[in-house]
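*Asks:* Chains as they are written, first to last, in the numbering used here: chain W, 10 to 270; chain B, 1439 to 1697; chain F, 195 to 449. Note that the Cβ used here is the ideal one computed from N, Cα and C, for glycine as well. The structure displayed is predicted, hence computed values, not measured ones. My structure is below; once you've seen it, I'll send some questions.
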Amino acid sequence: MASVLSTLHKALRATWRPFATAIVLIGIIEAAKRAHLLPVFVPAPSEVLLEIWNGPRLVTANLAPTAWKAASGYFIAAIIATAAGSLAVSLRALYGTIYNVSVMINSVPIIATAPLLALWLGTGPQVQIAIAALASQFPMLVGTMQGLQAADSRQRELMHVLSASRSQTLRYLLIPSALPYLFAGLKIAAPSAVLGAITAEWAGADRGVGAMMLYALFSYDTPKVWLSVLLTCLLAGAGFGIWALIERVAVYWQHDVELAD
Amino acid sequence: MVFYGRGEPVIALEKVALQVPAGQFASIIGPSGCGKSTLLRLIADVMQPHAGAITLGGDTPRAARHAHSLGFVFQAPTLLPWRSVKQNIELPLDVVGRRSAKRSARTTAELIELVGLTGFEDALPHQLSGGMQQRVAIARALILTPDILLLDEPFGALDEITRQRMNIELLRIWSESGTSALLVTHSIAEAVFMSDRVYVMSARPGRITTIIDVPLERPRRLDMMRTPEFFECVNRVRDGLFGHEQIQVSTPREPVEAY
Amino acid sequence: MSGETLTFIVKRLTQITVGVAVFVAAWHLTVIALRIPKYLVPLPLDVARAFQLHWPVIASHAGFTVSAAALGLTASTLFAIAVALSFSMNRGIAQASLPVVLVFRSTPVAAVAPIMMLIFGRGISTSMAVVTIVSFFPMLVNMMRGLESADRTAAELLHVYGASRWQQLRLIRIPFALPYLFTGLRVAGSSAILGAMLSEWITGTKGLGNLILDSGEMRETDLLWAAVLTSVVIALAVFWTTSAGEKRLLRWTNR
């Protein structure tokens, strides 16, 4: 518990400056808008806030569906990707195939998959969940595969010299050394799931941040458009941030890890 | 011991025999590629020999490894980065299962004190210097009170000053623990300073060419490195390493070949 | 064109043709063998017929998408070159602009597109603007690397001869930077096409993105698949030409 608090504390200390800058920036924009210095398509921050104030239900009614759709897709992908990654590493013969399939799925654009999935799965949240899963699987797979191979030969030799069994080696060496890479993958995949879900909503959904965006655009409701953009970034950032926080606590011994492509 | 790779098979070690009496400290020294690391790994059952036998106090290496009578210190400390000092030292205990760890293993606290790291029990490896990490590795190798301590150039990555200090430390730890020790090194001074006996190896194929007994008294002190006796041993080792070709040509002294 | 390039192209085309033939055959067989209903996956023949029937529509929509992407890419390349040049001339500007540049890195299409639509309305200019923004960062990074990559000794040589800054630029730095231009285009190319199509989704302008969406809604499966295939082919074509250009130029640098 203490380590979680100290992590939060550290995170706050590291991020207060950008936050402060953002608040100052918002203040400047507000002032400029009041003075009629800004073009029509940039709303006053106060207007955007007013949107939330006047219709908090609207925000939550749209934020919630997108959030759970993205989360569902994300977790489905996580389970499949970690399973596939573990399989790929333990059965060398499947390694190339699994990796290539993942790359191919990753390269097919949402443009193509969304309408096709709509055709196959019918209308409803399942299309967005599926796309969120498809959009986020690749980093998770790469993270799993890299992670499970991360233990270097010296460490494996150590386990051998200590006469450790296979399951002991897995538990004491392979899994802990995989964690940095695994979390890096999970971290990167979270925004992808959110953005995938929102983009998929553009192709036809009646509720969600993406739908809200479309509706606002059609009614030329500038503050609402900016609000939906803000919500998009917040949701994507929150996904990333939550995992980053979990990572700091779980992988307490390392700095950032870069995933190779 | 033959390695098969591309091209010709490489005979890494041929006709090597050495005996380390119990409780003694021996070194193996030789040029790069002479197979000294391979030899150590054969003893530790990391590799298996193609011919010949290795016995450790009557056991085969595999039996010794399973009985945990071996302690191995690698060239790099190879600590698990997510475990604290205390947890790293106790890794062998976790693997073996604390209840079945034979003999009263030294307590972790004793070992931490022995290697001089009191106060650092909860530190993570990345917070320690290279020398400190190696000390943790040594403590880890000792936790199951092994009969034999195998060290593969453990101080190679350290600077000269730290290295000499670590040598003293290791000798102190070794004498207090009562194990036999076999050290692989490429430093002549280290080999002579630490050991009761130095085995000199040559390369391709790897074999032991000279055996030198070091009669210096224990406990060793750094100022012994200035004595004529020390220099004499060093020179004999040096001859063993570099001079034996000349020996063959100039003087009819037979190279001491182990059988 | 040299004979070497000619043989290369011929070889490539043969590979592609064979690959396509295999793919089409496999597609046909799978649909028949697994008895996939037509509304889920059409037969290659049906898709081909859709192409034949609707070719003008597909072509014009594709044209819109490709132009939006191309114009957007051109704009972002020009911006990127300008910015990269100014960065290389003056360290201070580079340091100060770094945070702004990083914003471009992380903005996703989903967030950029609506705002661009607010600014530019429903036309093709929105798609262009989105493409420009989305491809700016990769182009900038590559142009910066390109300008830095000039061989140090070559630059020193010119300096010894008293070459002016402009001459250095022209004779050394631009030729060295050229391969990186293509690298950037390769990286940014497919996401440009994607970005253009996604923008079309929300703006409703003509383009492959909308063709896909509309045919999906109208349940015209054959046309849908035809449009999707077209977009994939275009993306692949962009990728291949830029990679080929990149490789060709790379031959005379020592990267």
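Tell me which residues of the region 290-320 of chain F have at least one Cβ-Cβ distance to chain W shorter than 7 Å, keeping chain order.
*Replies:* The residues in question are Pro302, Ala304, Ala305, Pro308, Ile309, Met311, Leu312, Ile313.
*Asks:* Whether or not the region 405-413 of chain F and the region 326-341 of chain F are in contact is what I'm after, with contact meaning three or more pairs of Cβ atoms, one per stretch, closer than 8 Å; do they touch?
*Replies:* No, the region 326-341 of chain F is not in contact with the region 405-413 of chain F.
*Asks:* Buried or exposed: Phe1680 (chain B), going by 16 or more other Cβ atoms within 10 Å of its Cβ?
*Replies:* The residue in question, Phe1680 (chain B), is exposed, as its Cβ has fewer than 16 Cβ neighbours within 10 Å.
*Asks:* Counting only beta-carbon separations shorter than 7 Å, does Phe50 (chain W) have a partner in chain F?
*Replies:* By this cut-off, Phe50 (chain W) is an interface position.
*Asks:* Rounding to the nearest angstrom, what Cα-Cα distance links Leu417 (chain F) and Lys232 (chain F) in this structure?
*Replies:* For Leu417 (chain F) and Lys232 (chain F), the distance between alpha carbons rounds to 12 Å.
*Asks:* Specify the secondary structure class of Val51 (chain W) as computed by DSSP and reduced to three states.
*Replies:* Residue state, collapsed to three classes: coil.
*Asks:* Output the distance between the C-alpha atoms of Lys1524 (chain B) and Leu1562 (chain B), rounded to the nearest integer angstrom.
*Replies:* Their backbone Cα atoms lie some 9 Å apart in a straight line.
*Asks:* Please check if any C-beta of chain W sits within less than 7 Å of the C-beta of Pro1499 (chain B).
*Replies:* No - not a single Cβ of chain W is within 7 Å of the one on Pro1499 (chain B).
*Asks:* If the cut is a Cβ gap below 7 Å, which residues of chain F does Thr208 (chain W) touch?
*Replies:* Near Thr208 (chain W) (Cβ distances below 7 Å), the residues of chain F are Ala304, Leu392.
*Asks:* Between the alpha carbons of Ser1688 (chain B) and Leu157 (chain W), how many angstroms are there, rounded?
*Replies:* With a pLDDT of only 38 at Ser1688 (chain B), under 50, the local geometry of the prediction cannot be trusted, and the value read off the model is given with reservation. Each residue's Cα considered, the two are about 58 Å apart.
*Asks:* In terms of alpha-carbon separation, which member of F:Leu351, F:Val335, F:Tyr355, F:Pro238 lies closest to Ala220 (chain F)?
*Replies:* The candidate whose alpha carbon is nearest that of Ala220 (chain F) is F:Pro238.
*Asks:* Is there at least one Cβ from chain B nearer than 7 Å to Leu254 (chain W)'s Cβ?
*Replies:* It does not: the Cβ of Leu254 (chain W) has no partner Cβ on chain B nearer than 7 Å.
*Asks:* Tell me where the alpha helix (DSSP H) around Ser300 (chain F) begins and ends.
*Replies:* Note, Ser300 (chain F): alpha helix (DSSP H), 285-300.
*Asks:* Taking 7 Å as the threshold (C-beta atoms), are Asn1605 (chain B) and Val1574 (chain B) in contact?
*Replies:* Cβ atoms of Val1574 (chain B) and Asn1605 (chain B): not closer than 7 Å.
*Asks:* Do you know how far the Cα of Leu1589 (chain B) is from the Cα of Glu1628 (chain B)?
*Replies:* Going by the C-alpha atoms only, they are around 13 Å apart.
*Asks:* Is it buried or exposed for Gly356 (chain F), if we count other Cβ within 10 angstroms and need 16 for buried?
*Replies:* Exposed, since its Cβ has fewer than 16 Cβ neighbours within 10 Å.
*Asks:* Give, in chain order, every residue of the region 234-246 of chain W whose Cβ lies closer than 8 Å to some Cβ of chain F.
*Replies:* If the cut-off is 8 Å between Cβ atoms, the region 234-246 of chain W has Val234, Trp235, Ser237, Val238, Thr241, Cys242, Ala245 near chain F.
*Asks:* Tell me where the beta strand (DSSP E) around Phe1463 (chain B) begins and ends.
*Replies:* Where Phe1463 (chain B) is concerned, the enclosing beta strand (DSSP E) stretches over 1463-1467.
*Asks:* What distance in whole Å lies between the Cβ atoms of Ala139 (chain W) and Leu276 (chain W), which are believed to be in contact at a cut-off of 8 Å?
*Replies:* Outside the shown range of chain W, which is 10 to 270, sits residue 276 (chain W), and nothing can be said about it.
*Asks:* My output table needs one value for Leu1518 (chain B): the three-state DSSP class, helix, strand or coil.
*Replies:* Residue state, collapsed to three classes: coil.
*Asks:* Using CA atoms only, rank isn't needed, just tell me which of B:Thr1546, B:His1624, B:Phe1558, B:Thr1600 is closest to Gly1569 (chain B).
*Replies:* Answer by Cα proximity: B:Thr1600.
*Asks:* Please report the distance separating the alpha-carbon of Ser228 (chain W) from that of Met221 (chain W).
*Replies:* Roughly 11 Å separates the two Cα atoms.
*Asks:* Just to check my reading of the structure: Gly273 (chain W) and Pro74 (chain W) have Cβ atoms closer than 8 Å, yes? What is that Cβ distance to the nearest angstrom?
*Replies:* Lying before the first or after the last residue shown, residue 273 (chain W) is absent from chain W, which here runs from 10 to 270.
*Asks:* If we ignore side chains and look at the alpha-carbon of each, how far apart do Ser425 (chain F) and Leu392 (chain F) end up?
*Replies:* Each residue's alpha carbon lies about 12 Å from the other.
*Asks:* Specify the secondary structure class of Thr1623 (chain B) as computed by DSSP and reduced to three states.
*Replies:* Strand at Thr1623 (chain B).
*Asks:* Run down chain W in chain order and give the residues with a C-beta less than 9 Å from the C-beta of Val1622 (chain B).
*Replies:* The contacting residues do not exist; Val1622 (chain B) stays about 15 Å from chain W at best.
*Asks:* Helix or strand or just coil, what does DSSP make of Ser1 (chain W)?
*Replies:* Because chain W in this structure spans residues 10 to 270, residue 1 (chain W) falls outside the shown range and cannot be described.
*Asks:* Per DSSP, which one or two residues make a beta bridge with Val212 (chain F)?
*Replies:* None, per the DSSP bridge assignment.
*Asks:* Am I right that Met1632 (chain B) and Leu1654 (chain B) are in contact with their C-beta atoms under 8 Å? What's the rounded C-beta distance?
*Replies:* 10 Å between Cβ atoms; not a contact.
*Asks:* Which chain W residues sit within Cβ distance under 9 Å of Trp1520 (chain B)?
*Replies:* Going along chain W in sequence order, the residues near Trp1520 (chain B) (Cβ under 9 Å) are Pro185, Ser186, Leu188, Val260, Tyr261, Trp262, Gln263.
*Asks:* Taking the beta carbon of Ser176 (chain W) as the centre, do at least 16 other beta carbons fall within 10 Å, making it buried, or is it exposed?
*Replies:* By the neighbour-count rule (16 or more Cβ atoms within 10 Å), Ser176 (chain W) is not buried but exposed.
*Asks:* Spell out whether any CB of chain B is found under 7 Å from the CB atom of Val170 (chain W).
*Replies:* Yes, Val170 (chain W) lies at the interface with chain B (some Cβ there is under 7 Å from its Cβ).
*Asks:* So, at 6 Å on beta carbons, what are the nonlocal neighbours of Met337 (chain F) in its own chain, with the 5 sequence-adjacent residues on each side left out?
*Replies:* Closer than 6 Å at the Cβ level, and outside the excluded window around Met337 (chain F), lie Ala274, Ile275, Ala278.
*Asks:* Can you confirm whether Leu167 (chain W), when its beta carbon is compared against all beta carbons of chain B, has any partner nearer than 7 Å?
*Replies:* Taking Cβ atoms only, chain B reaches closer than 7 Å to Leu167 (chain W), which makes this a yes.
*Asks:* Using a Cβ cut-off of 7 Å, which residues of the region 394-407 of chain F contact any Cβ in chain W, in chain order?
*Replies:* Here the close residues are Trp395, Ile396, Gly403, Ile406, Leu407.
*Asks:* Report, in whole angstroms, the separation of the C-beta atoms of Asp1634 (chain B) and Gln1462 (chain B), which I expect to be a contact under 8 Å.
*Replies:* At roughly 5 Å, the Cβ-Cβ gap stays under 8 Å, so Asp1634 (chain B) and Gln1462 (chain B) are in contact.
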